[in-house]
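Undergrad: Numbering (this note's numbering), first residue to last: 16 to 603. Where a beta carbon is used, it is the ideal one built from N, C-alpha and C, also for glycine. Computed from a predicted model, the values in this text were never measured in an experiment.
#1: Among 534, 526, 542 and 550, which has the Cα closest to the Cα of residue 163?
#2: Please determine if the region 28-38 and the region 148-162 are in contact, where contact requires at least 3 C-beta pairs separated by less than 8 Å.
#3: Under a Cβ-count criterion, where at least 16 other Cβ atoms within 10 Å of its own Cβ denotes burial, should residue 186 be classed as buried or exposed?
#4: Rank 539, 514 and 544 by C-alpha distance to the C-alpha of residue 530 and give the top, closest one.
#5: Around the Cβ of residue 418, are there at least 16 other Cβ atoms within 10 angstroms (buried) or fewer (exposed)?
#6: In chain order, which beta strand (DSSP E) runs of at least 3 residues are fully inside the region 188-223?
#7: Strictly under 8 Å for the Cβ-Cβ distance: is residue 203 near chain D by that measure?
#8: Leaving out five residues before and five after residue 405 in sequence, what residues of the same chain have Cβ atoms less than 6 Å from its Cβ?
#9: Report yes if the C-beta distance between residue 539 and residue 393 is below 8 Å; otherwise report no.
#10: So what's residue 135 in DSSP terms, helix, strand or just coil?
#11: In chain order, what are the residue ranges of uninterrupted alpha helix (DSSP H) at least 4 long that sit wholly in the region 411-499?
#12: For the beta strand (DSSP E) holding residue 346, just list the boundary residues, first then last.
#13: What's the call for residue 501, buried or exposed, on a 16-neighbour Cβ count within 10 Å?
#14: Are the beta-carbon atoms of residue 149 and residue 79 separated by less than 8 Å?
#15: Do you know offhand how far residue 209's Cα is from residue 200's?
#16: Is the region 271-281 close to the region 380-391, with three or more CB pairs under 8 Å?
#17: Nearest to residue 476 by alpha carbon, out of 95, 361, 533 and 334?
#18: In this structure, how does DSSP classify residue 524 when only helix, strand and coil are distinguished?
#19: With a 10 Å radius around its C-beta and 16 neighbouring C-beta atoms as the bar for buried, classify residue 219 as buried or exposed.
#20: Do you know offhand how far residue 427's Cα is from residue 483's?
#21: Span of the beta strand (DSSP E) holding residue 52?
#22: When the distance is taken between beta carbons, is residue 21 closer than 8 Å to residue 72?
#23: Is the Cβ-Cβ distance between residue 62 and residue 37 less than 8 Å?
#24: Going by beta carbon distance, what residues of the same chain come within less than 6 Å of residue 206, once the five residues before and after it are set aside?
#25: Looking at the strands, I want to know which residues DSSP matches up with residue 323.
#26: Do you know offhand how far residue 19's Cα is from residue 240's?
#27: Are the CB atoms of residue 314 and residue 337 within a distance shorter than 8 Å?
#28: Using the Cα positions of residue 52 and residue 288, report the straight-line distance between them to the nearest angstrom.
#29: Which residues mark the beginning and the end of the alpha helix (DSSP H) in which residue 39 is found?
#30: Is the number of C-beta pairs between the region 371-380 and the region 442-450 that are closer than 8 Å three or more?
#31: Measuring only the C-alpha atoms, how far is residue 245 from residue 407?
#32: May I ask which residues mark the beginning and end of the beta strand (DSSP E) holding residue 147?
#33: When DSSP builds the beta bridges, which residues end up paired with residue 282?
#34: Under the three-state reduction of DSSP, which class applies to residue 287: helix, strand or coil?
#35: Quick check: what's the CA-CA separation for residue 322 versus residue 487?
#36: DSSP state of residue 363, grouped into three classes?
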């Protein structure tokens, strides 16, 4: 991951303005500690903080076309850049950077080239011939991008909110799959798959096609000139990523320089079940496994720094970002710059436990569409910013553009959870990798029930967070929350505590409007809460909140009824009896 900052049309060409842009760009240096660059053209400034992963020696940015009339600053990776270079054979390339193709594609295809890019990216391109510019973000929003407006008529773009929040009167999260064109004067969607229109697909399920699409997604993400590894929690998704990467690593260019032994990483409190599961998978695959531990107090001590980097007050995101943030620091200390991670699978295949209650295939599919559309506000935001806080890049094979198309074109009837047919959550993914001749994973791992986080360790971590919040947020403060925070009002002391930290760091109204809200159960959208009337009384993102679905919740049914008869709240019960809190090990 890199950090980009672009300020266009600010009507100020002074040295003081240049110095200000450089100062703001430095706020992104954690994202790109390897090099800093800036290009100024009249009152337009393009700045870049580089994390060198492909072509570390010559790929510094901003990047240019042959005569330097086209300037581009990019955050991301273009996995098909070699293929695109063959289409651009008339051009002379200055570097080996995968991102340089963007400048030349613009020359040959104008503003209509973005869909040709296969990768994760956010970029700003300036055409100095007429001072026009475009900005674009990848299909799902894997890389972050913000857009702002200054009182002087300037338009700003930045990888993180902190680089523009002080100087912009208003700013927003740039929508994924969109392009902004100064010529056309607004945002337009360049990514228009059928699933985005929420049409119900009807393609037959072919396990071989699904498996091959995912393997290709993993293999193309082995494009690197620096050491990398895999974040391995021991869950299905990260284990499949590690399995496929391990299987194909020896064939990659990476192996020629760095060897074919895959490194895997996991974090948790000592004794965490997830640490044990990750170790089991690592031993099966023969990886060089790194296990990190942290304490509840270390996590609490990092909270303000985590919120500063991830730029949100969403409870689930902060709970999960904290261990990922701590792990990323450890990984970077080993000299690793890039990791593969498992985000996106649960959204695509309906892996969250609340999908057990989907009333029909139409509702199931619509919910997966809603979940994918909001990934840039939750899991993608966490995975990108928690890692890039330490100059580490996270790549997510499940969100490969072609793989998403293949998976989302399948008739959702195949994704439905059908105990009568022996189909648990994400059955079509598990079945696709169920190979008896060359097993990808042991059967008991391949068919392990979905766990957002492990049970006992989760209680220790999240209970510690709640206790900490209780010490800082009084009952009176929470009772008056709707007056202090009328927008997206926090409903718990934990949420209130995170909100106070966020507001201290990012006090503008525009900042708080970038954070999503609304009711949720077990990571559902607000719409899916309607699937079960009981859920509206037990709103929490934990998987254990899906009463009647999670194995830890089954045992509590009788106690739950008794508690309600005695006047106890369902929230209290879920906290004390259902293992209400998520675990600190990062289930990626």
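TA: To lay it out plainly:
#1: Position 148 of the chain shown holds residue 163. Selected option, being the one with the closest Cα: 526.
#2: no
#3: In the chain shown, counting from the first residue as 1, residue 186 sits at position 171. Per the 10 Å Cβ criterion, buried.
#4: If you number the chain shown from 1, residue 530 lands on position 515. Nearest of 539, 514 and 544 to residue 530, Cα basis: 514.
#5: Stepping through the chain shown from its first residue, residue 418 is reached at position 403. The residue is buried, with at least 16 neighbouring Cβ atoms inside 10 Å.
#6: 193-196 and 201-204
#7: The structure shown contains no chain D; it is built from a single protein chain.
#8: Here residue 405 refers to the residue found at position 390 of the chain shown. For residue 405, where only same-chain residues beyond five positions count, the Cβ hits under 6 Å are 343, 344 and 347.
#9: Position 524 of the chain shown holds residue 539. Position 378 of the chain shown holds residue 393. No.
#10: What you label residue 135 is simply residue 120 of the chain shown in a count that begins at 1. The answer is strand: DSSP assigns residue 135 an E or B state.
#11: 416-423, 442-447, 458-461, 470-487, 490-494 and 496-499
#12: Your numbering for residue 346 matches position 331 in the chain shown. Element bounds for residue 346: not the beta strand (DSSP E) but the alpha helix (DSSP H), 330-348.
#13: Residue numbering aside, residue 501 sits at position 486 when the chain shown is read from its first letter. Exposed, because fewer than 16 other Cβ atoms sit within 10 Å of the Cβ of residue 501.
#14: Residue 149 sits at position 134 when you count from the first residue of the chain shown. Residue 79 sits at position 64 when you count from the first residue of the chain shown. The answer is no: Cβ separation not under 8 Å.
#15: Along the chain shown, one-based indexing puts residue 209 at 194. Along the chain shown, one-based indexing puts residue 200 at 185. Each residue's Cα considered, the two are about 26 Å apart.
#16: no
#17: If you number the chain shown from 1, residue 476 lands on position 461. Minimum Cα distance to residue 476 is reached at 334.
#18: In the chain shown, counting from the first residue as 1, residue 524 sits at position 509. It is helical.
#19: Here residue 219 refers to the residue found at position 204 when the chain shown is read from its first residue. Its Cβ having fewer than 16 others within 10 Å, residue 219 is exposed.
#20: For this step, residue 427 is matched to residue 412 along the chain shown. For this step, residue 483 is matched to residue 468 along the chain shown. Rounded to the nearest angstrom, the two C-alpha atoms are 43 Å apart.
#21: For this step, residue 52 is matched to residue 37 along the chain shown. Run containing residue 52: 50-56, per the beta strand (DSSP E) assignment.
#22: For the purposes of this step, residue 72 is identified with residue 57 of the chain shown, where counting begins at 1. For the purposes of this step, residue 21 is identified with residue 6 of the chain shown, where counting begins at 1. No, the Cβ-Cβ distance between residue 72 and residue 21 is not below 8 Å.
#23: As a first step, residue 62 must be located in the chain shown, where it is residue number 47. As a first step, residue 37 must be located in the chain shown, where it is residue number 22. Yes; because the gap between Cβ atoms is below 8 Å, this pair is in contact.
#24: The residue given as residue 206 occupies position 191 in the chain shown. Result list for residue 206: 154 and 192, in chain order.
#25: Numbered from 1 along the chain shown, position 308 holds the residue referred to as residue 323. In the DSSP output, where bridge partners are listed per residue, residue 323 has none listed.
#26: As a first step, residue 19 is located in the chain shown; it is residue number 4 there, counting from the start. As a first step, residue 240 is located in the chain shown; it is residue number 225 there, counting from the start. Straight-line Cα distance between these residues: approximately 21 Å.
#27: Taking the chain shown and counting its residues from 1, the one referred to as residue 337 is at position 322. Taking the chain shown and counting its residues from 1, the one referred to as residue 314 is at position 299. Taking 8 Å as the Cβ cut-off, residue 337 and residue 314 qualify as a contacting pair.
#28: Position 37 of the chain shown, counted from the first residue, corresponds to residue 52. Position 273 of the chain shown, counted from the first residue, corresponds to residue 288. If you take the alpha carbons of residue 52 and residue 288, they lie about 45 Å apart.
#29: By one-based count along the chain shown, residue 39 stands at place 24. Residues 30-40.
#30: no
#31: As a position in the chain shown, residue 245 is number 230, starting the count at 1. As a position in the chain shown, residue 407 is number 392, starting the count at 1. Approximately 12 Å, taken between the alpha carbons.
#32: Taking the first residue of the chain shown as position 1, residue 147 is located at position 132. Counting along the chain, the beta strand (DSSP E) containing residue 147 begins and ends at 147-152.
#33: Position 267 of the chain shown, counted from the start, is the residue given in the question as residue 282. According to DSSP, which records beta bridges pairwise, residue 282 is partnered with 307.
#34: As a first step, residue 287 is located in the chain shown; it is residue number 272 there, counting from the start. Residue 287 falls in the coil class under three-state DSSP.
#35: The residue you call residue 322 lines up with position 307 of the chain shown. The residue you call residue 487 lines up with position 472 of the chain shown. Their backbone Cα atoms lie some 17 Å apart in a straight line.
#36: Within the chain shown, residue 363 is the residue found at index 348, counting from 1. Residue 363: helix per DSSP, three-state reduction.
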